[in-house]
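Visitor: These protein sequence lines map, in sequence, to chains A and F. First residue of the first sequence: 18, per my numbering; consecutive thereafter. First residue of the second sequence: 18, per my numbering; consecutive thereafter. For each residue, glycine too, the CB sits at the ideal point set by N, CA and C.
There are 2 protein chains.
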Amino acid sequence: MVPMTEMLKPESPASAEPSGGPSRTVTMRDVARAAQVSQSTVSRVLSAPDSSAVAISEDTILRVQEAARLLGYQPNLHARSLRGQRTQLIAMMVADIANPYYHVMVRKVQDVARKNGYDVLIANSDHDPELERHFIQGIMRRPVDGVVLTPYHLSAADISALIERTGVRVVLVGQHLAPLGVDRVFADDETATYDAACWLIHERGHRRIAYISVPGTYPSKRRVAGLMRALDEAGLPMPAEFLETGDFNLESGELAAGRLLTLPQPPTVVMACNDLMALGCITTAQRLGRTVPGDLAVVGFDDIPEAARVSPTVTTIAQYPAEMGDHLASALFDRLINGSMAPGRAIQVPCKLIIRESA
Amino acid sequence: MVPMTEMLKPESPASAEPSGGPSRTVTMRDVARAAQVSQSTVSRVLSAPDSSAVAISEDTILRVQEAARLLGYQPNLHARSLRGQRTQLIAMMVADIANPYYHVMVRKVQDVARKNGYDVLIANSDHDPELERHFIQGIMRRPVDGVVLTPYHLSAADISALIERTGVRVVLVGQHLAPLGVDRVFADDETATYDAACWLIHERGHRRIAYISVPGTYPSKRRVAGLMRALDEAGLPMPAEFLETGDFNLESGELAAGRLLTLPQPPTVVMACNDLMALGCITTAQRLGRTVPGDLAVVGFDDIPEAARVSPTVTTIAQYPAEMGDHLASALFDRLINGSMAPGRAIQVPCKLIIRESA
DNA sequence: ATATCCCTAGAATTCGATTGCGTGCATACG
DNA sequence: CGTATGCACGCAATCGAATTCTAGGGATAT
């Protein structure tokens, strides 16, 4: 007569039938039982088959590995995360997954992460300060090993606080004020915008240059600064009504162009803070019966694939998001895998003016 | 003289300075100590302030909430996931994040997830069977509450096994063989392709129709079937050399078009399995000096934004990924939040032929 | 034959939150 | 006055894996 409690404690080892009911997930204990060893031995074998702190006999190792294989054991990463070290998880926050500019970057990071056995949490902020903070909160609730951020509103203090509280490794997209050991990858957009403006002024003879910016964002600030520098040097004015605003999407570009073209003295060229808004400008110009670039020249930023395929093709300042994604991923995993503690690096990826039909 | 160990055990409650060293993450125990209650009480208060299994006094609730707020307590979701029920996490596998067709879908799911307090794990499979299996493996290692899948190679058995082992709720993209209680959202692409082919034959008088398929994928199979049905009814042949193959990207479309146009008797129209390949066709045709649609008409599939902006604009069969994303998300969260156990639904989203310049 | 050391592996603890069970106290009732 | 009812809350087990501590067994040396 075996007591009831004694009978229930070890779940019958014979229940190896996979199709029998909602087969509970198989844990290390199950593997241990099947291999006739303790759970800790299983852990030691599976986490470092060869070199462990304590030696394990060849026979035991094989028995454990075989049992794990038979039962289809998969370690529970939630448990592993909880216990301490690595979560095998990184998070990436971009402004908008639906913006072509970020696609390749996300892809790259994603691919490198998978190769390193990491999963990727994706979030988009829509350039919304609230959602950016929400993302930080999320990381504090669900710790990750690394973070790739495209901050538009977050301050260096916010990011420092995140690092302080979670110990997460951070890599930034954009020439942002970066705290401590944070690498940042960015395009040299001030210089690129300056160069493009100089080209418009000196090679193409434009004297009335408008700009569509996105107030409150750092990239926009820097690009406007580049333009101003070129205008200053050339002794050209920047009328207030030529400084239009949008919010990175196509429609806002259409609206801004509409306002610019109905001015008593419209500009001869519009530079936009990204290609989507530039495309919007072209659409509006054509709808109003203007020719591009005859009546209005347009210069974009990013060089999304579409820019090369619309009519007229768009002159734009190319960024290299794939290259940026590469730098982001390798910088992050350098710290994650190799444990690099190097001070924050500023990795600058050059831009390039791509001259097409629209200017 | 207080022993060292005694001094170290309780982290001095006075160390509320946030800038004092690597301030350890604050747990429920800390909150409990600050509020002078047990850790379980904190849990009960914070997880269900109003209706809990056991009653809690108003005073205690306030004290706990205040303490949590002061200490900036954030629950650890890894721990919560481990303990049991919800992980507050869903995973989404698409074929390619960089394909415009999926963007809106991802966005929608992402947005709905955030509104429900869920994070989203993203993975792309690149139509690679290996990576699809890798994704399933990943879910078994890191359990999630729900999954949105775009399976191209996974079998119903694979998906069943996943559900069996993890209890995850699943929603599929595509008219896939779906097991058990799995909803699937798909476009009616067989009918749409059939209709488009009929239109090409009867309204436009085409008799030499080529198709660029992607072998081994379900959507491609169905679309080819739709075309064949239309050809059969019209008594038209389908020469083997007109059945070209690609792999969903632009370059493969260019290559396929190159082969078709150098045939002794080239087709008068090419239908492609997606817009990217259709764009490739147009590029090649123009490079070979053919006019579109004069010498070669082209019909795509998806209606990505670019299709409306290239020259010539592309006639294509529109899918509505935003609508599909909505259905996906609401179907999934209906099961997650409301615990719906309804049998698998087949949610069909119609397609629509968009007639533009290329055909 | 007994002490010593090493090799191996089991037991116990930890991570942070959840939860079934139980207990102390107060009020109510017979 | 003694026991029943119930409210508010604490104890301790649990989730799955990693790690540290400890004990047993075998081999070798004295």
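#1: What residue ranges within the region 186-246 of chain F form continuous alpha helix (DSSP H) runs of no fewer than 4 residues, ordered along the chain?
#2: Could you tell me which of A:M45, A:P281, A:E181 and A:A242 sits nearest to R225 of chain A, measuring between CA atoms?
#3: Helix or strand or just coil, what does DSSP make of A381 of chain F?
#4: Indicate the three-state DSSP secondary structure (helix, strand or coil) for A314 of chain F in the structure shown.
#5: Who are the neighbours of M157 of chain A on chain F, taking C-beta pairs under 7 Å?
#6: Mind reading off the beta-carbon distance from A348 of chain A to V202 of chain A? Whole number of angstroms is fine, and I expect it under 8 Å.
#7: In whole angstroms, what is the alpha-carbon distance linking R362 of chain A and G198 of chain A?
#8: Indicate whether the contact test is met: 3 or more Cβ pairs, each with one atom in the region 142-149 of chain F and one in the region 149-162 of chain A, closer than 8 Å.
#9: At the level of alpha carbons, what is the spacing between G134 of chain F and I354 of chain F?
#10: What residues in the region 116-139 of chain A bring their beta carbon closer than 7 Å to a beta carbon of chain F?
#11: If we ignore side chains and look at the alpha-carbon of each, how far apart do A227 of chain A and L248 of chain A end up?
#12: Answer with yes or no whether the minimum CB distance from H144 of chain A to chain F is below 9 Å.
#13: Please report whether the beta-carbon of S328 of chain A lies at a distance below 9 Å from any beta-carbon of chain F.
#14: Quick one: using the 10 Å Cβ neighbour count with 16 as the cut-off for buried, is P117 of chain A buried or exposed?
#15: Is there a Cβ of chain A sitting closer than 9 Å to that of P360 of chain F, yes or no?
#16: Cα separation between R86 of chain F and I107 of chain A?
#17: At which residues does the alpha helix (DSSP H) containing L253 of chain F begin and terminate?
#18: Exposed or buried, what is H2 of chain A when buried is set at 16 or more other beta-carbons lying within 10 Å of its beta-carbon?
#19: Touching or not, the region 97-112 of chain F and the region 94-111 of chain A, by the rule of three or more beta carbon pairs under 8 Å?
#20: Tell whether a beta-carbon distance below 9 Å holds between A112 of chain F and S142 of chain F.
#21: Using the C-alpha atoms, what's the distance from M288 of chain F back to A115 of chain A?
#22: Given 8 Å as the limit, tell me if E261 of chain F has its C-beta closer than that to any heavy atom belonging to the ligand MN.
#23: Rounded to whole angstroms, how far is the Cβ of Q192 of chain F from the Cβ of R239 of chain F, which I believe are closer than 8 Å?
#24: Is P20 of chain A buried or exposed, if buried means 16 or more other CB atoms sit within 10 Å of its CB?
#25: Measure the C-alpha to C-alpha separation of V327 of chain A and I364 of chain F and round it to an integer number of angstroms.
#26: First and last residue of the beta strand (DSSP E) that includes T332 of chain A?
#27: If we count Cβ pairs, one from each stretch, closer than 8 Å, do we get three or more for the region 253-263 of chain A versus the region 312-328 of chain F?
#28: With a cut-off of 9 Å, does the C-beta of D175 of chain F fall near any C-beta of chain A?
#29: Can the beta-carbon of D125 of chain F be found less than 9 Å from the beta-carbon of G342 of chain F?
#30: Between A:Y211, A:P367, A:A339 and A:T301, which has its C-alpha nearest D128 of chain A's C-alpha?
#31: With a threshold of 16 other CB atoms inside 10 Å of the CB of M358 of chain F, please say whether the residue is buried or exposed.
#32: Between A:G263, A:H223, A:Y235 and A:I156, which has its C-alpha nearest V190 of chain A's C-alpha?
#33: Can you tell me whether E268 of chain F is buried or exposed, with buried defined as 16 or more other CB within 10 angstroms of its CB?
#34: Please report the straight-line C-alpha distance between M45 of chain F and C290 of chain A, rounded to a whole angstrom.
#35: Could you name the residues of chain F that E220 of chain A contacts, counting a contact when the two beta carbons are closer than 8 Å?
#36: Helix, strand or coil, according to DSSP, for G297 of chain A in the structure here?
Guide: Let's see:
#1: As summarised for the region 186-246 of chain F, the continuous alpha helix (DSSP H) elements at least 4 residues long and confined to that stretch are 206-215, given in chain order.
#2: Position 208 of the first sequence, counting from 1, holds the residue named residue 225 of chain A. Nearest of A:M45, A:P281, A:E181 and A:A242 to R225 of chain A, Cα basis: A:P281.
#3: Absent from the model: residue 381 of chain F. The displayed extent of chain F is 18 to 376, so no value can be given.
#4: In the second sequence, residue 314 of chain F corresponds to position 297, counting from 1. A314 of chain F falls in the strand class under three-state DSSP.
#5: In the first sequence, counting from the first residue as 1, residue 157 of chain A sits at position 140. Chain F residues near M157 of chain A: Q91.
#6: Here residue 348 of chain A corresponds to residue number 331 of the first sequence, with the count starting at 1. Here residue 202 of chain A corresponds to residue number 185 of the first sequence, with the count starting at 1. So it is a contact: roughly 7 Å between Cβ atoms.
#7: Taking the first sequence and counting its residues from 1, one reaches residue 362 of chain A at position 345. Taking the first sequence and counting its residues from 1, one reaches residue 198 of chain A at position 181. Each residue's CA atom was taken as its position, placing R362 of chain A and G198 of chain A some 8 Å apart.
#8: No: the two stretches stay apart, fewer than three of their Cβ pairs being nearer than 8 Å.
#9: Position 117 of the second sequence holds residue 134 of chain F. Position 337 of the second sequence holds residue 354 of chain F. One C-alpha to the other measures close to 11 Å.
#10: If the cut-off is 7 Å between Cβ atoms, the region 116-139 of chain A has H120, V121, V123, R124, Q127, D136, V137, L138 and I139 near chain F.
#11: The residue you call residue 227 of chain A lines up with position 210 of the first sequence. The residue you call residue 248 of chain A lines up with position 231 of the first sequence. Rounded to the nearest whole angstrom, the C-alpha separation of A227 of chain A and L248 of chain A is 11 Å.
#12: The count along the first sequence starts at 1 and reaches residue 144 of chain A at position 127. Taking Cβ atoms only, chain F never reaches closer than 9 Å to H144 of chain A, which makes this a no.
#13: Walking along the first sequence from the start, residue 328 of chain A turns up at place 311. Chain F, which has a Cβ nearer than 9 Å to the Cβ of S328 of chain A, makes this yes.
#14: One-based indexing of the first sequence puts residue 117 of chain A at position 100. Burial call: buried.
#15: Start at 1 with the first residue of the second sequence, and residue 360 of chain F comes out as number 343. Taking Cβ atoms only, chain A never reaches closer than 9 Å to P360 of chain F, which makes this a no.
#16: One-based indexing of the second sequence puts residue 86 of chain F at position 69. One-based indexing of the first sequence puts residue 107 of chain A at position 90. Linking R86 of chain F to I107 of chain A through their CA atoms gives a straight-line distance of about 27 Å.
#17: Counting from one through the second sequence, the residue named residue 253 of chain F turns up at place 236. Per DSSP, L253 of chain F belongs to no alpha helix (DSSP H) and is neither H nor E.
#18: It is not possible to answer for residue 2 of chain A, since the shown part of chain A is limited to 18 through 376.
#19: Flag = yes, the region 97-112 of chain F and the region 94-111 of chain A touch.
#20: Residue mapping note: residue 112 of chain F aligns to position 95 of the second sequence, counting from 1. Residue mapping note: residue 142 of chain F aligns to position 125 of the second sequence, counting from 1. Yes, they are a contact pair.
#21: Residue numbering aside, residue 115 of chain A sits at position 98 when the first sequence is read from its first letter. Residue numbering aside, residue 288 of chain F sits at position 271 when the second sequence is read from its first letter. It is roughly 27 Å from the alpha-carbon of A115 of chain A to the alpha-carbon of M288 of chain F.
#22: Questions concerning the ligand MN fall outside what the structure shown contains, since it holds no ligand whatsoever.
#23: Residue 192 of chain F sits at position 175 when you count from the first residue of the second sequence. Residue 239 of chain F sits at position 222 when you count from the first residue of the second sequence. The Cβ separation is near 7 Å, so the contact holds.
#24: By one-based count along the first sequence, residue 20 of chain A stands at place 3. Low local confidence applies: a pLDDT of 36 at P20 of chain A is under 50, so the model's placement there is unreliable, and no value is given.
#25: Position 310 of the first sequence, counted from the first residue, corresponds to residue 327 of chain A. Position 347 of the second sequence, counted from the first residue, corresponds to residue 364 of chain F. Answer to the nearest angstrom: the Cα atoms are 35 Å apart.
#26: Within the first sequence, the letter at position 315 stands for residue 332 of chain A. Per DSSP, T332 of chain A is one residue of the beta strand (DSSP E) stretching across T332 to A335.
#27: The region 253-263 of chain A vs the region 312-328 of chain F: no contact.
#28: What you label residue 175 of chain F is simply residue 158 of the second sequence in a count that begins at 1. False, the Cβ-Cβ gap to chain A never drops below 9 Å.
#29: Taking the second sequence and counting its residues from 1, the one referred to as residue 125 of chain F is at position 108. Taking the second sequence and counting its residues from 1, the one referred to as residue 342 of chain F is at position 325. The sequence given here places Lys at residue 125 of chain F; Asp does not occur at that position. Yes, Cβ-Cβ distance for K125 of chain F and G342 of chain F is below 9 Å.
#30: Residue 128 of chain A sits at position 111 when you count from the first residue of the first sequence. Checking every option, the nearest Cα to that of D128 of chain A belongs to A:A339.
#31: Along the second sequence, read from residue 1 onward, the residue named residue 358 of chain F stands at position 341. By the C-beta density criterion, M358 of chain F is exposed, having fewer than 16 other C-beta atoms within 10 angstroms.
#32: In the first sequence, counting from the first residue as 1, residue 190 of chain A sits at position 173. For the residues A:G263, A:H223, A:Y235 and A:I156, the minimum Cα distance to V190 of chain A belongs to A:Y235.
#33: Counting from 1 along the second sequence, the entry for residue 268 of chain F is found at position 251. Counting Cβ neighbours within 10 Å, E268 of chain F comes out exposed, since fewer than 16 surround it.
#34: Taking the first residue of the second sequence as 1, we reach residue 45 of chain F at position 28. Taking the first residue of the first sequence as 1, we reach residue 290 of chain A at position 273. Across the structure, M45 of chain F and C290 of chain A are spaced so that their CA atoms are roughly 47 Å apart.
#35: As a working note, residue 220 of chain A is residue 203 in the first sequence. At a beta-carbon threshold of 8 Å, none of the residues of chain F lie near E220 of chain A; the nearest stands roughly 26 Å away.
#36: Sequence index remark: in the first sequence, residue 297 of chain A carries index 280 (1-based). In this structure, G297 of chain A counts as helix in the three-state DSSP scheme.
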